[in-house]
Amino acid sequence: MGQFFAYQNPNPQTQRQYPYLLDIQNDLLSELRTTIVIPLSPTHSVASMRLTRLNPIVSIENESFTVMTQDIAGIDRNQLGAKTFNLSSYRADIMAAVDFVLSGF
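To convert, note that position 102 of the sequence shown is 102 in the UniProt record's numbering; the numbers rise steadily by one, no gaps.
Set out below in structure tokens:
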């Protein structure tokens, strides 16, 4: 697995709204059956709802995606699609958003 990697969303019911799931769980816990993910949504579809600190923007193949931190979830690892992009360069913004949703600052 890989912390801060985006995985394809294999769920046909949600993959249009959330084409990628961002794994944020630390690799030290890779033996667990579950992992913590944040859905990524195309920025053009959520721009009016976006809160800057809560919803950082990441770029995948020159397309902008909004990190939907408020939709954080635990899922079974076998529900992840293909590992696609390393987003560790956005680590500080992603962790700040997680801190914000959990602690309010």
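Glycine included, each C-beta is placed from N, C-alpha and C at the ideal position.
By the neighbour-count definition (other C-beta atoms within 10 Å, threshold 16), Asn55 is a buried residue. Segment contact: the stretch 43-54 against the stretch 71-91, fewer than three CB-CB distances shorter than 8 Å; contact not assigned.
Gly74 is bridged by DSSP to Ile36. Counting the other CB atoms within 10 Å of its CB gives Thr14 a total below 16, which places it among the exposed residues. DSSP places Thr84 within a strand segment (E or B) once states are collapsed to three. Counting the other CB atoms within 10 Å of its CB gives Met68 a total of 16 or more, which places it among the buried residues.
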